[in-house]
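Peer 1: Take the sequence shown: its position 126, counting from 1, is numbered 126 in full-length UniProt numbering, and each next residue is one higher.
Cβ atoms here follow ideal geometry from the backbone N, Cα and C, with glycine treated the same way.
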Amino acid sequence: MSLFRHLFLPHHTNNHRAKILHPSGISLAILVYIVFNLGLGLVSREHPSILGYASRIQPAEIIRLTNEKRQAGGLAALNMDSQLNQAAAGKASDMIVRNYWAHVSPVGTQPWAFVTDAGYTYRYAGENLARDFSDPGGVVNAWMNSPSHRENILNPKYRDIGIAVVDGSLDGRETTLVVQMFGTRLSASAPSGRTASFSVQAAQTSSAPTPAPSPYPTPTPEIYMAAAVSQTSPPSPFDYSRYFSLGLLGVLAAVLAADILLVRKHHIVRWTSKSFAHLIFLIVLIIAVGTLLRGQIL
Numbered sequence: 001m002s003l004f005r006h007l008f009l010p011h012h013t014n015n016h017r018a019k020i021l022h023p024s025g026i027s028l029a030i031l032v033y034i035v036f037n038l039g040l041g042l043v044s045r046e047h048p049s050i051l052g053y054a055s056r057i058q059p060a061e062i063i064r065l066t067n068e069k070r071q072a073g074g075l076a077a078l079n080m081d082s083q084l085n086q087a088a089a090g091k092a093s094d095m096i097v098r099n100y101w102a103h104v105s106p107v108g109t110q111p112w113a114f115v116t117d118a119g120y121t122y123r124y125a126g127e128n129l130a131r132d133f134s135d136p137g138g139v140v141n142a143w144m145n146s147p148s149h150r151e152n153i154l155n156p157k158y159r160d161i162g163i164a165v166v167d168g169s170l171d172g173r174e175t176t177l178v179v180q181m182f183g184t185r186l187s188a189s190a191p192s193g194r195t196a197s198f199s200v201q202a203a204q205t206s207s208a209p210t211p212a213p214s215p216y217p218t219p220t221p222e223i224y225m226a227a228a229v230s231q232t233s234p235p236s237p238f239d240y241s242r243y244f245s246l247g248l249l250g251v252l253a254a255v256l257a258a259d260i261l262l263v264r265k266h267h268i269v270r271w272t273s274k275s276f277a278h279l280i281f282l283i284v285l286i287i288a289v290g291t292l293l294r295g296q297i298l
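As structure tokens, then:
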């Protein structure tokens, strides 16, 4: 009890300020944080199996939840397409092999290249990306909370869908990539004698391979790309680091709060800086760790 009081409560043994709040205590906390993260990074790179990080995301559940959102909006359900599955798997594997997290690869490969390479000749195509989720619901909810992803999911022009979920290492950290491909085949074009007209919404347009002669005008293929969403999940090494940071900051904030209350209660006079200002600063740090590190949108 005396050790606990010395470390965490103002007492005459620590000059009426918790030892952990002294410069030496703060320095030790910073050192522990650095050592923990360095060790975690080393383990995740050299022995990823020790952390037991693996995806529990089922592609079929992603499709089911996506169709659920579409049907709730009065849209038709999408059909799972094996060629779009292949395209999504190709994109996910390429990101792992080339170590990038973007719609366009470092060598300039565009998203629609994976679609056409899989043999899917598209009239419309789209792509959503996600990483580090632990469950399908989290993936779909994050997409629905992003306007560009939501637009892809609720786009009435799409008829097919393909999903790939790939575990691998990205930027030296074990992760799970989810690639969602949408499409409508070129054969599903406008009736003969009519020209279809389509608007481009936050889209990037690309020309697909020239199709066989058609008795009616064929619209230029379009691909709609949403930004890629990232969110951490409980099994990931990144999340271990975030929880450790929150825990460490939480302990410091609790000690500061106790310091303020006890000093006021016992009318302790000391020549030190204001604990309340430090407490506010730590609360801001906790909020930052809990929100800014939760994910990112490219």
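Give me whichever residues DSSP pairs with S169 in a beta bridge.
Peer 2: Here residue 169 refers to the residue found at position 169 when the sequence shown is read from its first residue. BP columns for S169 point to E174.
Peer 1: Using C-beta distances below 7 Å, list every residue in its chain close to F114, excluding the 5 sequence neighbours before and after it, in chain order.
Peer 2: The count along the sequence shown starts at 1 and reaches residue 114 at position 114. The residues are A87, G90 and K91.
Peer 1: Give me the Cα-Cα distance between Y122 and I163, rounded to the nearest whole angstrom.
Peer 2: For this step, residue 122 is matched to residue 122 along the sequence shown. For this step, residue 163 is matched to residue 163 along the sequence shown. Their Cα atoms are separated by approximately 16 Å.
Peer 1: Between which residues of its own chain and I96 is the CB-CB distance below 6 Å, once the five residues before and five after are set aside?
Peer 2: Against the sequence shown, residue 96 aligns to sequence position 96. Around I96: G168.
Peer 1: Considering just the uninterrupted stretch of the beta strand (DSSP E) at N128, what are its terminal residues?
Peer 2: Along the sequence shown, one-based indexing puts residue 128 at 128. That run of the beta strand (DSSP E) goes Y122 to R131.
Peer 1: Taking C-alpha atoms, which residue in D160, L177 and R264 lies nearest to T184?
Peer 2: By one-based count along the sequence shown, residue 184 stands at place 184. Among D160, L177 and R264, the Cα nearest to that of T184 belongs to D160.
Peer 1: Do G73 and residue 319 count as a contact pair if the criterion is CB distance below 8 Å?
Peer 2: It is not possible to answer for residue 319, since the shown part of the chain is limited to 1 through 298.
Peer 1: Among S27, E127 and G108, which residue has its Cα nearest to the Cα of Y158?
Peer 2: As a working mapping, residue 158 is identified with position 158 in the sequence shown. Residue E127 is the option with its Cα nearest to Y158.
Peer 1: Under 8 Å: do the region 97-113 and the region 24-40 share three or more Cβ pairs, one atom per stretch?
Peer 2: no
Peer 1: Is it the case that the Cβ atoms of V178 and I57 are separated by a distance below 8 Å?
Peer 2: Translated into positions along the sequence shown, residue 178 becomes position 178. Translated into positions along the sequence shown, residue 57 becomes position 57. Yes, the Cβ-Cβ distance between V178 and I57 is below 8 Å.
Peer 1: Considering Cα atoms alone, identify which of D81, G172 and L262 is closest to L40.
Peer 2: Your numbering for residue 40 matches position 40 in the sequence shown. It is G172 whose Cα lies nearest to the Cα of L40.
Peer 1: Answer yes or no: do L21 and L256 have a C-beta to C-beta separation smaller than 8 Å?
Peer 2: As a working note, residue 21 is residue 21 in the sequence shown. As a working note, residue 256 is residue 256 in the sequence shown. Cβ distance < 8 Å, so L21 and L256 count as in contact.
Peer 1: So what does DSSP say about T220, is it helix, strand or coil?
Peer 2: Looking up residue 220 in the sequence shown gives position 220. Only weak support exists for where T220 lies, its pLDDT of 47 falling under 50; the value from the coordinates is given anyway. DSSP, read as helix, strand or coil, puts T220 in coil.
Peer 1: Nearest-angstrom Cα distance between R70 and A76?
Peer 2: As a first step, residue 70 is located in the sequence shown; it is residue number 70 there, counting from the start. As a first step, residue 76 is located in the sequence shown; it is residue number 76 there, counting from the start. The alpha-carbon atoms of R70 and A76 are separated by roughly 7 Å.
Peer 1: Quick check on this structure: which residue in V32, L31, F36 and L3 has the alpha carbon closest to the alpha carbon of Y240?
Peer 2: Numbered from its first residue, the sequence shown carries residue 240 at position 240. Closest by alpha carbon: F36.
Peer 1: Applying the criterion that 16 or more other CB atoms from any shown protein chain within 10 Å of the CB defines a buried residue, is P111 buried or exposed?
Peer 2: Along the sequence shown, read from residue 1 onward, the residue named residue 111 stands at position 111. By the 10 Å Cβ count, P111 comes out buried.
Peer 1: For H11, report the span of its alpha helix (DSSP H) as first-last.
Peer 2: Locating residue 11 in the sequence shown gives position 11, counting from the first residue. No alpha helix (DSSP H) contains H11, which DSSP labels as neither H nor E.
Peer 1: For L186 and A125, what's the separation of their Cα atoms in angstroms?
Peer 2: Translated into the one-based positions of the sequence shown, residue 186 becomes position 186. Translated into the one-based positions of the sequence shown, residue 125 becomes position 125. Taking the straight line joining both Cα atoms gives about 10 Å.
Peer 1: Let me confirm a value: R264 is counted as buried when at least 16 other C-beta atoms fall within 10 Å, else exposed. Which label applies?
Peer 2: For this step, residue 264 is matched to residue 264 along the sequence shown. Label assigned to R264: exposed.
Peer 1: In this structure, how does DSSP classify R159 when only helix, strand and coil are distinguished?
Peer 2: As a first step, residue 159 is located in the sequence shown; it is residue number 159 there, counting from the start. Correct three-state label for R159: coil.
Peer 1: What residues are listed by DSSP as bridge partners for Q180?
Peer 2: Your numbering for residue 180 matches position 180 in the sequence shown. Secondary-structure assignment with DSSP links Q180 through a beta bridge to N128 and I163.
Peer 1: Would you tell me roughly how many angstroms separate the C-alpha atoms of residue 343 and T176, rounded to the nearest one?
Peer 2: Here the chain comprises residues numbered 1 to 298, so residue 343 is not present and cannot be evaluated.
Peer 1: Does the distance from the C-beta atom of T66 to that of L84 stay below 8 Å?
Peer 2: Locating residue 66 in the sequence shown gives position 66, counting from the first residue. Locating residue 84 in the sequence shown gives position 84, counting from the first residue. No, they are not a contact pair.
Peer 1: Is it buried or exposed, E174, if we count other Cβ atoms within 10 angstroms and call 16 or more buried?
Peer 2: Here residue 174 is taken as the residue at index 174 of the sequence shown, counted from 1. So E174 counts as buried.
Peer 1: Compare the beta carbon distance of I62 and P156 with 8 Å and say whether it is the shorter of the two.
Peer 2: Here residue 62 refers to the residue found at position 62 of the sequence shown. Here residue 156 refers to the residue found at position 156 of the sequence shown. Their beta carbons are not under 8 Å apart, which means I62 does not touch P156 by this criterion.
Peer 1: On the DSSP letters alone, give me the boundaries of the alpha helix (DSSP H) that G137 sits inside.
Peer 2: Numbered from its first residue, the sequence shown carries residue 137 at position 137. Here the alpha helix (DSSP H) through G137 covers P136 to M144.
Peer 1: Rounded to whole angstroms, what's the CA-CA distance from F244 to Y120? Just pull it up for me.
Peer 2: The sequence position of residue 244 within the sequence shown is 244, counting from 1. The sequence position of residue 120 within the sequence shown is 120, counting from 1. C-alpha separation (whole angstroms): 46 Å.
Peer 1: What is the rounded straight-line gap between the Cα of P23 and the Cα of L42?
Peer 2: Numbered from 1 along the sequence shown, position 23 holds the residue referred to as residue 23. Numbered from 1 along the sequence shown, position 42 holds the residue referred to as residue 42. Roughly 29 Å between the two C-alpha positions.
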